[in-house]
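Protein chains in written order, with the working numbering: chain H, 27 to 343; chain X, 132 to 446.
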C-alpha cells in the first residue's frame, strides 16, 4: 500500500541562467493525493513535464512507477494520465472522435477503446454531447473531456496541472468531487493548484514550491506548525477579567492575542479547548463561546511568502 | 557524468494513428478542397488546350505531350504544376506543429505513449500522401481522358515516363512540405510560417534566376566559367532541379541539360536530328536532379526533426 510511486532525487532543470527546478527531492506514495503549491514560475509545471519525460532534466533523476521517464517515457506515459493546464482539443472533431484518437495513440484495440470511451464520457457527464464538435464546448466541458481522456487509459497515477483554473465555482466544486473519486479508487494524484482551500480540502500532503525548490512539505497541519507556530487556534469569548495572562500560562500555548474586548485567540500546538475553558472559568469569567479554528493553507501560504520576500517574485506565466 | 540514456520503446509507435488522423484532416479540410478545385480546373483547361494543339499526323509520345503542350497565353500543365505543387505543399505543412501548439493539443498528444518522432514523421507522411493522392488522381484523369480522346492506349515507355514524372513532382512537393514544416516548428504563428515559406518560394522562382546571373557575371572566370557557375548556382534551387527533371523525362529527345548544351539541342532539333533517347538514358540524365530533390526533402525533414526534438513544449 505504501510503496513509493513517484520519486525524485536532486532533480534539476536549468534554462540558461535560470534554475527552474533546483535539486528537488520528492516522494509520493501509492494512493496519496499530493498537492503542489507555489507562485507562477516556481517550477511546478517543469517538474511535472520532467516526470512525464516531456522535458529533460539537467541533473538528478526521477522514477515514476519504477520507470525512468527519460529512458522509458512510453512505459510512464501509458500508465500516467496527465491533464495539462489549459487543455486543448481538436475543435473540428467531436468529443468521441477526439478520444478515439487518444485511444489509438495508446494502442487500444477498437472494441476496448469504444467501450472505454463510452464509459469515460458517461462518467464525466458528457454522454449527451459525445457526438457534438468540441468547438461548441464550454471550458468546464473541455476540462471534463480532459479527465475522460485520462480515464481511457485506466491510469495508476494522475497528474493534474491547474485543473480548476478558469472554471466557475460550481464547475470547480464538481472537479473536486472528481478528484475525490480518484482517491477512493486508490489512484495516486499529483495536483498543482492555486486554489488553496481546495488543495487543503482534498490533499493528504502538500508541497510548497518557491524558486524551483520545495521549501515546505507535509500535511497542512505540519505546515501550519512550521510557518505559523501554532497549528491549532482556539477562539474564546468570555466576559469578565482580562484573561491574557492566565491563558498564556497554559502549557502548550504559543501565543495569545486579544482580538477584541472579551475575545481572545490562543495559538497552540495541540487542541487546548478544555484547558482554556477551565482557565476562563477559574478566573471568574463568563464563558460565552469556545471555538477551534483549523489552520488554513491560505494563511500558511500568505505568511510564508510575506516572511520570505518583501516583493513578489517576477512570474513567468 | 553518466552517458546519455538510451530511450526504450519504438520511436514509431503511434505513427499510423497520426498519419490516419492527419490525412483525414487534410482531405476534409476546406483549404484542401479549394486547392483541389484549382488543380482540377488547371488540368482540365491545359488538357483541352493540349488536345487542340496536338501535332497532326502520327507522332511519338503523344501522351507525354498532353502534359507539355501549351497554347500561348497559358503555360502547359507542367508549368502550372511548378506553381501549384509548392502552394499545395505549403498549405499542407505550414501549421502542422505550431497549430497543435496554439490549440494547446501538443502537450496532451505528447503525454500519450508516443515519441515526438512519430508525431512529426506522421504529419510529414500524411502531407506527402495527401499530395501524392491528389497528383495521382489528376495524373490518372489526364491519362484517362487522353485515351478517350486519342483512341490509343499509352505505350509502356510512356507509362514509365509518366510515373517518373509523377515521382519527381511528389519529391518536388516534398521539399516545400519539408520547408513549411521546418517553419511550422520554428515559428509559433502559423501566419508567419506561411509567409516565410511563400517568401522562400518567391525568392527561388523570381529572384534566384536574376541573382544567379549577376553572381556568375561578377565571379565567373571567362565565358565558360561564368556559365558553369551559373548552372551550379541555378541548380541549388529546387525549381531548377524540378524543371530539368521533367524536361528530360517528358521529352525523350532531350539529350543533355544545361544552357550551353540546350543550345546545341535546339540546333540539332532545327536540323531535324530528333532521335529519342531510351528511358534508361533519360533516367541517367536526370538521376542527379531526382536524387537532389529527394535529398533536399530528407535534409529539410531532418532539420525540422532536430528543431522539434529540442523544442520545449510548454507555453
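Positions of the beta carbon are idealized from the N, C-alpha and C atoms, including for glycine.
(request) Kindly list, in the order they appear in chain X, the residues whose Cβ is closer than 7 Å to that of residue 114 (chain H). (result) Sequence index remark: in the first chain, residue 114 (chain H) carries index 88 (1-based). What residue 114 (chain H) touches in chain X: 234, 235, 236 and 239.
(request) Indicate the three-state DSSP secondary structure (helix, strand or coil) for residue 93 (chain H) in the structure shown. (result) On the first chain, position 67 is the one that residue 93 (chain H) refers to. Strand, per DSSP.
(message) So if DSSP puts residue 30 (chain H) in a beta bridge, which residue, or which two residues, is it bridged to?
(response) Residue 30 (chain H) sits at position 4 when you count from the first residue of the first chain. In the DSSP assignment, residue 30 (chain H) forms a beta bridge with H:55.
(request) For residue 150 (chain H), name the three-state secondary structure that DSSP assigns. (result) Working through the first chain from its first residue, we reach residue 150 (chain H) at position 124. Of the three classes helix, strand and coil, the one that applies to residue 150 (chain H) here is coil, per DSSP.
(request) Pull up the DSSP beta-bridge partners for residue 18 (chain H), would you. (result) The requested residue 18 (chain H) is not part of the displayed model; chain H covers only 27 to 343.
(request) Whole angstroms is fine: what's the gap from residue 324 (chain X)'s alpha carbon to residue 219 (chain X)'s? (result) In the second chain, the residue the question calls residue 324 (chain X) occupies position 193. In the second chain, the residue the question calls residue 219 (chain X) occupies position 88. Near 14 Å, if we compare the C-alpha coordinates of residue 219 (chain X) and residue 324 (chain X).
(request) Using beta-carbon positions only, say whether residue 245 (chain H) and residue 221 (chain H) come within less than 7 Å of one another. (result) As a working note, residue 245 (chain H) is residue 219 in the first chain. As a working note, residue 221 (chain H) is residue 195 in the first chain. Not in contact: residue 245 (chain H) and residue 221 (chain H) (Cβ atoms no closer than 7 Å).
(message) DSSP three-state label for residue 36 (chain H), please.
(response) Start at 1 with the first residue of the first chain, and residue 36 (chain H) comes out as number 10. Three-state result, residue 36 (chain H): strand.
(message) Assuming residue 105 (chain H) and residue 183 (chain H) are in contact, meaning their beta carbons sit under 8 Å apart, how far apart are those beta carbons, in whole angstroms?
(response) Position 79 of the first chain, counting from 1, holds the residue named residue 105 (chain H). Position 157 of the first chain, counting from 1, holds the residue named residue 183 (chain H). Rounded, the Cβ-Cβ distance is 7 Å, consistent with contact.
(request) Identify which residue in X:416, X:301 and X:420 has its Cα closest to the Cα of residue 216 (chain X). (result) Along the second chain, one-based indexing puts residue 216 (chain X) at 85. Nearest option by C-alpha distance: X:301.
(request) Quick one: list the residues of chain H neighbouring residue 140 (chain X), beta-carbon separation under 8 Å, in chain order. (result) Locating residue 140 (chain X) in the second chain gives position 9, counting from the first residue. By Cβ distance, chain H contributes 98, 99, 100 and 101.
(message) Please tell me whether residue 347 (chain X) and residue 360 (chain X) are closer than 7 Å, where the distance is taken between their beta carbons.
(response) For the purposes of this step, residue 347 (chain X) is identified with residue 216 of the second chain, where counting begins at 1. For the purposes of this step, residue 360 (chain X) is identified with residue 229 of the second chain, where counting begins at 1. Yes, the pair counts as a contact, with Cβ atoms nearer than the cut-off.
(message) Taking the beta carbon of residue 275 (chain H) as the centre, do at least 16 other beta carbons fall within 10 Å, making it buried, or is it exposed?
(response) For the purposes of this step, residue 275 (chain H) is taken as the residue at position 249 of the first chain. Result: exposed.
(request) Give the straight-line distance between the Cα atoms of residue 288 (chain X) and residue 94 (chain H), rounded to the nearest whole angstrom. (result) To locate residue 288 (chain X), count along the second chain from 1; it is residue 157. To locate residue 94 (chain H), count along the first chain from 1; it is residue 68. Their Cα atoms are separated by approximately 57 Å.
(message) At a CB distance below 7 Å, what residues from the region 243-255 of chain X approach chain H? Give them in sequence order.
(response) The region 243-255 of chain X vs chain H, Cβ under 7 Å: 243, 244 and 245.
(request) Could you tell me which chain X residues have their CB closer than 8 Å to the CB of residue 110 (chain H), listed as they occur along the chain? (result) Taking the first residue of the first chain as position 1, residue 110 (chain H) is located at position 84. Near residue 110 (chain H) (Cβ distances below 8 Å), the residues of chain X are 235, 238, 239 and 242.
(message) For residue 218 (chain H), would you say it is in contact with chain X, using Cβ-to-Cβ distances shorter than 7 Å as the test?
(response) In the first chain, residue 218 (chain H) corresponds to position 192, counting from 1. For residue 218 (chain H), the answer is no, since every Cβ of chain X falls outside 7 Å of its Cβ.
(request) Using beta-carbon positions only, say whether residue 38 (chain H) and residue 79 (chain H) come within less than 7 Å of one another. (result) Numbered from its first residue, the first chain carries residue 38 (chain H) at position 12. Numbered from its first residue, the first chain carries residue 79 (chain H) at position 53. Taking C-beta atoms as the reference points, residue 38 (chain H) and residue 79 (chain H) fail to come closer than 7 Å.
(message) Excluding the 5 residues flanking residue 276 (chain X) on each side, which residues of the same chain have their C-beta closer than 7 Å to its C-beta?
(response) Looking up residue 276 (chain X) in the second chain gives position 145. Closer than 7 Å at Cβ, skipping near neighbours: 178.
(message) Give me the residue from H:134, H:115 and H:162 with the minimum Cα distance to residue 233 (chain X).
(response) Within the second chain, numbered from 1, the residue matching residue 233 (chain X) stands at position 102. The option with the nearest alpha carbon to residue 233 (chain X) is H:115.
(message) Using a Cβ-Cβ distance cut-off of 7 Å, determine whether residue 39 (chain H) contacts chain X.
(response) Along the first chain, read from residue 1 onward, the residue named residue 39 (chain H) stands at position 13. It does not: the Cβ of residue 39 (chain H) has no partner Cβ on chain X nearer than 7 Å.
(message) Let's test the definition: count the other Cβ atoms within 10 Å of the Cβ of residue 212 (chain H) and tell me whether it reaches 16, buried, or not, exposed.
(response) In the first chain, residue 212 (chain H) corresponds to position 186, counting from 1. Burial call: exposed.
(request) State the Cα-Cα distance for the pair residue 325 (chain H) and residue 281 (chain H), rounded to the nearest angstrom. (result) Position 299 of the first chain, counted from the first residue, corresponds to residue 325 (chain H). Position 255 of the first chain, counted from the first residue, corresponds to residue 281 (chain H). Between the C-alpha atoms of residue 325 (chain H) and residue 281 (chain H) there is a straight-line separation of about 16 Å.
(message) Using the Cβ count rule (16 or more neighbours within 10 Å means buried), how would you classify residue 236 (chain H)?
(response) As a working note, residue 236 (chain H) is residue 210 in the first chain. Buried, by the Cβ-count rule.
(message) So for residue 337 (chain X), helix, strand or coil by DSSP?
(response) Counting from 1 along the second chain, the entry for residue 337 (chain X) is found at position 206. Correct three-state label for residue 337 (chain X): helix.
(request) Report the rounded CA-to-CA distance for residue 388 (chain X) versus residue 416 (chain X), giving the unit in angstroms. (result) Mapped onto the second chain, residue 388 (chain X) falls at position 257. Mapped onto the second chain, residue 416 (chain X) falls at position 285. Approximately 8 Å between the Cα atoms of the pair.
(message) Can you pull out the residues from the region 123-140 of chain H whose beta carbon lies closer than 8 Å to at least one beta carbon of chain X?
(response) Those would be 127, 128, 130, 131, 132 and 133, in chain order.
(message) Short of 7 Å in beta carbon distance, which residues of its chain neighbour residue 153 (chain X), apart from the five on each side in sequence? Order them along the chain.
(response) By 1-based counting over the second chain, the position of residue 153 (chain X) is 22. 253, 254 and 257.
(request) Taking residue 316 (chain X) as the query, report the chain H residues whose CB atoms sit under 8 Å from its CB, ordered along the chain. (result) Residue numbering aside, residue 316 (chain X) sits at position 185 when the second chain is read from its first letter. Neighbours of residue 316 (chain X) on chain H: none; closest Cβ ~16 Å, over 8 Å.
(request) Please name the residue, chosen from H:295, H:328 and H:186, that lies closest to residue 320 (chain H) on a Cα-to-Cα basis. (result) Here residue 320 (chain H) is taken as the residue at index 294 of the first chain, counted from 1. Of the listed residues, the one whose Cα sits closest to residue 320 (chain H) is H:295.
(message) Pop quiz: residue 44 (chain H) and residue 218 (chain H) are said to be a contact at Cβ under 8 Å. What is the actual Cβ separation, rounded to whole angstroms?
(response) In the first chain, the residue the question calls residue 44 (chain H) occupies position 18. In the first chain, the residue the question calls residue 218 (chain H) occupies position 192. About 19 Å; that fails the 8 Å criterion.
(request) Alpha carbon to alpha carbon, how far is residue 269 (chain H) from residue 186 (chain H)? Give it in angstroms, no decimals. (result) As a position in the first chain, residue 186 (chain H) is number 160, starting the count at 1. As a position in the first chain, residue 269 (chain H) is number 243, starting the count at 1. Between the C-alpha atoms of residue 186 (chain H) and residue 269 (chain H) there is a straight-line separation of about 48 Å.
(message) The alpha helix (DSSP H) that contains residue 315 (chain H), what's its start and end?
(response) Looking up residue 315 (chain H) in the first chain gives position 289. Here residue 315 (chain H) belongs to no alpha helix (DSSP H); instead the beta strand (DSSP E) covers 312-319.
(message) For a contact defined as C-beta to C-beta under 9 Å, what are the partners of residue 265 (chain X) on chain H?
(response) What you label residue 265 (chain X) is simply residue 134 of the second chain in a count that begins at 1. The contacting residues do not exist; residue 265 (chain X) stays about 20 Å from chain H at best.
(request) Report yes or no: is there a C-beta of chain H within less than 7 Å of the C-beta of residue 224 (chain X)? (result) Working through the second chain from its first residue, we reach residue 224 (chain X) at position 93. For residue 224 (chain X), the closest Cβ of chain H is not nearer than 7 Å.
(request) Within its chain, find whatever has a CB closer than 6 Å to the CB of residue 282 (chain X); leave out the 5 residues flanking it on each side and keep chain order. (result) Counting from 1 along the second chain, the entry for residue 282 (chain X) is found at position 151. Excluding positions up to five away in sequence, the list is empty.
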